[in-house]
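S.K.: Before I ask anything, here is the structure I am working with.
Residue numbers (our numbering), protein chains in the order written: chain A, 2 to 279; chain B, -19 to 310.
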């Protein structure tokens, strides 16, 4: 992280990301189930999205001119829930109901349950197609909102993801911004061992996309990429965000075994102590 | 009853009835919707002409989306469009959509209650020469298990036209099952149609035939023969909406006849017959003969040859009616 910098916006985003990470650890420990590593790794990106980049009204979640943020990799939803709660879409204390019976915070996100959720997801590979549909409607209706879609790298194993990448490139959908969480892990291990994806940037480029790569924990890089995305007129944009799964907690970082499990009470306590030192 | 339904005046004269496929009803209704409803958009996966989407495509190119041979992306894009206020009609062959993209239909569409209309063409044996891979015989089963999804199988051209129009007005996902082959048009533009309502095409007292799709016309011919030659009074119910099922019309009829034949160009497992059996088992246990595919794939051949080989002709229906009438008397 760029802690040495004094830029007040970046300082605020760093603090926001810390709050999001704390929420993720508390939610998952309380729920006794859920996916930790991916959610922690994307906290900086979600802080930048919800507290700098996206145009929305939390009191009017279906405001027609809002930017749409679709989460394709539904299993990292704790990061989305934490960001939405902190952005005021629903009461912050509701985070503690994650995965419980009757909760609006389902184990994988459901559009019909919770304000701020644009798409139901969980089964991988379905988000980008829906984002394309929304981006096409924006063009059809001559609206200026943009459509962001957060994908995991693992879900690039799915054929549907490539159907969508091929289509969007051909349609030159410049109001579509895909953000790939390139954390290099999936359930069965490292992506390059399970089904190698490299060179991912070259693949997107070959399919007609404008490719940006960032350190997903470096706010000035993230914000620069968002600014650059606004200038692209004739292509969809993909931001490949290189992230560290479990970022912020030493014993979780880069460990595939933290993909799909929650911290125990003791692990959560230790994680929160580490985070507080950041 | 014929009068109230405004059926064709030549109902029992098949050679006098004109013929068109139910997919043509889709194409013509979609074109009309293009004119009347600016929110209607259409998508197809490299099957524009044979799903009859091309009529809409030619008139409303800005609202038409060709996605290529990519049925998962097809239905996902439609979901995104629906969640942003459009009414997307997604047309392909049923073996591909909802066959290949069932998970996307389940999560992107049904779970989100996205207002997508799924048009499955080329269902049933009457697909003909293309053979088993292209003859959808399982689509009712895989769609009627999905929460929030309405399932419709129109009986002829006009009913398809009306079902498509009704689907556009219905808020929520709808699957419409269509056929390739031209079949007798026995309803008219004036025949009333509403989602969830069955039609008693012919009243009777001894046996109830319940069917969906163009095959129901064969049931009418069979019923007339049975009345003439076997003194059996057969009620024929067209059940275009498989989900939600019109339980009231079904139970009213079976309370009278106490014997049922179900008829569909679909596997008997999971189809209309199963839906009927579920209702009757719970409310009014009744002998049923299930006419449909009995755990087998189709094959190549002419439509009429296939209907004969797999026991879907009027004479096979007559046999089933006699059989269930005999079971009732035991």
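C-beta atoms are modelled at their ideal positions from N, C-alpha and C, and glycine is treated no differently.
Please list the terminal residues of the continuous alpha helix (DSSP H) segment that includes residue 10(B).
M.R.: One-based indexing of the second chain puts residue 10(B) at position 30. Unbroken alpha helix (DSSP H) run through residue 10(B): 2 to 16.
S.K.: Expressed to the nearest angstrom, what Euclidean distance is found between the alpha-carbon atoms of residue 112(B) and residue 245(B)?
M.R.: Along the second chain, one-based indexing puts residue 112(B) at 132. Along the second chain, one-based indexing puts residue 245(B) at 265. Taking the straight line joining both Cα atoms gives about 13 Å.
S.K.: Which residues, taken in chain order from the region 67 to 87 of chain B, show a beta carbon closer than 7 Å to some beta carbon of chain A?
M.R.: Per Cβ criterion, the list reads 83, 84, 87.
S.K.: Based on DSSP bridge pairs, tell me the residues matched to residue 273(B).
M.R.: Residue 273(B) sits at position 293 when you count from the first residue of the second chain. 247(B), per the DSSP bridge assignment.
S.K.: Among the residues of its own chain, which have a CB less than 6 Å from the CB of residue 27(B), if the five just before and after it don't count?
M.R.: Within the second chain, numbered from 1, the residue matching residue 27(B) stands at position 47. Cβ within range, chain order: 72.
S.K.: When you compare each of 220(A), 259(A), 252(A) to residue 272(A) by their alpha carbons, which one comes out closest?
M.R.: Numbered from its first residue, the first chain carries residue 272(A) at position 271. Here the closest residue by C-alpha is 252(A).
S.K.: Tell me, please, whether the region 27 to 45 of chain B touches the region -2 to 12 of chain B by the rule of three or more beta-carbon pairs shorter than 8 Å.
M.R.: A contact exists between the region 27 to 45 of chain B and the region -2 to 12 of chain B.
S.K.: Taking C-beta pairs closer than 7 Å, name the residues in chain B that residue 192(A) reaches, listed in chain order.
M.R.: For the purposes of this step, residue 192(A) is taken as the residue at position 191 of the first chain. Those within 7 Å of residue 192(A) in chain B number zero; the least Cβ separation is about 21 Å.
S.K.: Check whether the region 213 to 221 of chain A touches the region 237 to 256 of chain A, taking contact to mean three or more Cβ pairs, one atom from each stretch, closer than 8 Å.
M.R.: Yes: at least three Cβ pairs fall under 8 Å.
S.K.: Starting from the beta carbon of residue 133(A), find every residue of chain B whose beta carbon is closer than 7 Å, and list them in chain order.
M.R.: Within the first chain, numbered from 1, the residue matching residue 133(A) stands at position 132. The contacting residues are 57, 60.
S.K.: Apart from the five residues just before and just after residue 198(A), which ones in its own chain have a Cβ nearer than 7 Å to its Cβ?
M.R.: By one-based count along the first chain, residue 198(A) stands at place 197. Hits under 7 Å: 154, 157, 192.
S.K.: Using beta carbons (cut-off 8 Å, strictly below), is residue 225(A) in contact with chain B?
M.R.: As a working note, residue 225(A) is residue 224 in the first chain. So, not an interface residue.
S.K.: List the DSSP bridge partners of residue 212(A).
M.R.: To locate residue 212(A), count along the first chain from 1; it is residue 211. In the DSSP output, where bridge partners are listed per residue, residue 212(A) has 239(A).
S.K.: Would you tell me roughly how many angstroms separate the C-alpha atoms of residue 145(B) and residue 12(B), rounded to the nearest one?
M.R.: Here residue 145(B) is taken as the residue at index 165 of the second chain, counted from 1. Here residue 12(B) is taken as the residue at index 32 of the second chain, counted from 1. Computed Cα separation, rounded: 9 Å.
S.K.: Quick check on DSSP: helix, strand or coil for residue 297(B)?
M.R.: By one-based count along the second chain, residue 297(B) stands at place 317. In the structure shown, residue 297(B) sits in a helix (DSSP, three-state: H, G or I).
S.K.: Secondary structure at residue 144(A), three-state DSSP: helix, strand or coil?
M.R.: Sequence index remark: in the first chain, residue 144(A) carries index 143 (1-based). Residue state, collapsed to three classes: coil.
S.K.: Mind checking the region 194 to 205 of chain A against chain B and listing, in chain order, the residues whose C-beta falls within less than 7 Å of any C-beta there?
M.R.: Those residues of the region 194 to 205 of chain A that come within reach of chain B (Cβ to Cβ, closer than 7 Å) do not exist; the list is empty.
S.K.: In terms of DSSP beta bridges, what is residue 173(B) paired with?
M.R.: Position 193 of the second chain, counted from the start, is the residue given in the question as residue 173(B). Answer by DSSP bridge pairing: none, since residue 173(B) is not bridged.
S.K.: Among 143(B), 243(B), 155(B), which has the Cα closest to the Cα of residue 122(B)?
M.R.: Translated into the one-based positions of the second chain, residue 122(B) becomes position 142. The residue with the shortest Cα to Cα distance from residue 122(B) is 155(B).
S.K.: Would residue 263(A) be called buried (16 or more neighbouring beta carbons within 10 Å of its own) or exposed?
M.R.: Taking the first chain and counting its residues from 1, one reaches residue 263(A) at position 262. Buried, since its Cβ has 16 or more Cβ neighbours within 10 Å.
S.K.: Counting along the chain, where does the beta strand (DSSP E) carrying residue 313(B) start and finish?
M.R.: Because chain B spans -19 through 310 in this model, residue 313(B) falls outside it and cannot be assessed.
S.K.: Near residue 235(A), which residues of its chain fall below 7 Å by C-beta distance, leaving aside the five closest residues on each side in sequence?
M.R.: For the purposes of this step, residue 235(A) is taken as residue 234 along the first chain, with counting starting at 1. Hits under 7 Å: 173, 175.
S.K.: Mind pulling the chain A residues with CB within less than 7 Å of residue 178(B)?
M.R.: Working through the second chain from its first residue, we reach residue 178(B) at position 198. Correct list: empty, because the minimum Cβ distance to chain A is about 30 Å.
S.K.: Beta-carbon of residue 124(A) versus every beta-carbon of chain B: anything under 8 Å?
M.R.: For the purposes of this step, residue 124(A) is taken as the residue at position 123 of the first chain. It does: the Cβ of residue 124(A) has a partner Cβ on chain B nearer than 8 Å.
S.K.: Just the C-alpha distance for residue 128(B) and residue 196(B), rounded to the nearest angstrom, thanks.
M.R.: The count along the second chain starts at 1 and reaches residue 128(B) at position 148. The count along the second chain starts at 1 and reaches residue 196(B) at position 216. Approximately 27 Å, taken between the alpha carbons.
S.K.: Helix, strand or coil for residue 222(B), going by three-state DSSP, please let me know.
M.R.: Translated into the one-based positions of the second chain, residue 222(B) becomes position 242. Strand, per DSSP.
S.K.: At a Cβ threshold of 8 Å, is residue 95(B) touching chain A?
M.R.: In the second chain, residue 95(B) corresponds to position 115, counting from 1. No, no contact with chain A.
S.K.: Taking 8 Å as the CB-CB limit, is residue 1(A) close to chain B?
M.R.: Nothing can be reported for residue 1(A), as the shown portion of chain A is limited to 2 through 279.
S.K.: Does the region 266 to 275 of chain B come into contact with the region 81 to 92 of chain B, if we say contact requires no fewer than three beta-carbon pairs (one atom in each stretch) closer than 8 Å?
M.R.: Result no; under three Cβ-Cβ pairs closer than 8 Å.
S.K.: How is residue 310(B) classed by DSSP in three states: helix, strand or coil?
M.R.: Stepping through the second chain from its first residue, residue 310(B) is reached at position 330. Here residue 310(B) sits in coil by DSSP.
S.K.: Work out the CA separation of residue 151(B) and residue 248(B) for me, nearest whole Å.
M.R.: Mapped onto the second chain, residue 248(B) falls at position 268. Mapped onto the second chain, residue 151(B) falls at position 171. Using only the alpha carbons, I get a separation of about 30 Å.
S.K.: If we ignore side chains and look at the alpha-carbon of each, how far apart do residue 201(B) and residue 297(B) end up?
M.R.: Translated into the one-based positions of the second chain, residue 201(B) becomes position 221. Translated into the one-based positions of the second chain, residue 297(B) becomes position 317. Straight-line Cα distance between these residues: approximately 9 Å.
S.K.: Please report the distance separating the alpha-carbon of residue 22(A) from that of residue 208(A).
M.R.: Sequence index remark: in the first chain, residue 22(A) carries index 21 (1-based). Sequence index remark: in the first chain, residue 208(A) carries index 207 (1-based). Cα to Cα, the separation comes out at about 34 Å.
S.K.: Straight-line CA distance for residue 59(B) to residue 83(B)?
M.R.: As a working mapping, residue 59(B) is identified with position 79 in the second chain. As a working mapping, residue 83(B) is identified with position 103 in the second chain. Between residue 59(B) and residue 83(B), the C-alpha separation is close to 13 Å.
S.K.: In three-state terms, what does DSSP make of residue 192(B)?
M.R.: The count along the second chain starts at 1 and reaches residue 192(B) at position 212. Coil.
S.K.: Between 234(B), 44(B), 186(B), 132(B), which lies nearest to residue 134(A) when the distance is taken from Cα to Cα?
M.R.: Within the first chain, residue 134(A) is the residue found at index 133, counting from 1. The shortest C-alpha separation from residue 134(A) is found at 44(B).
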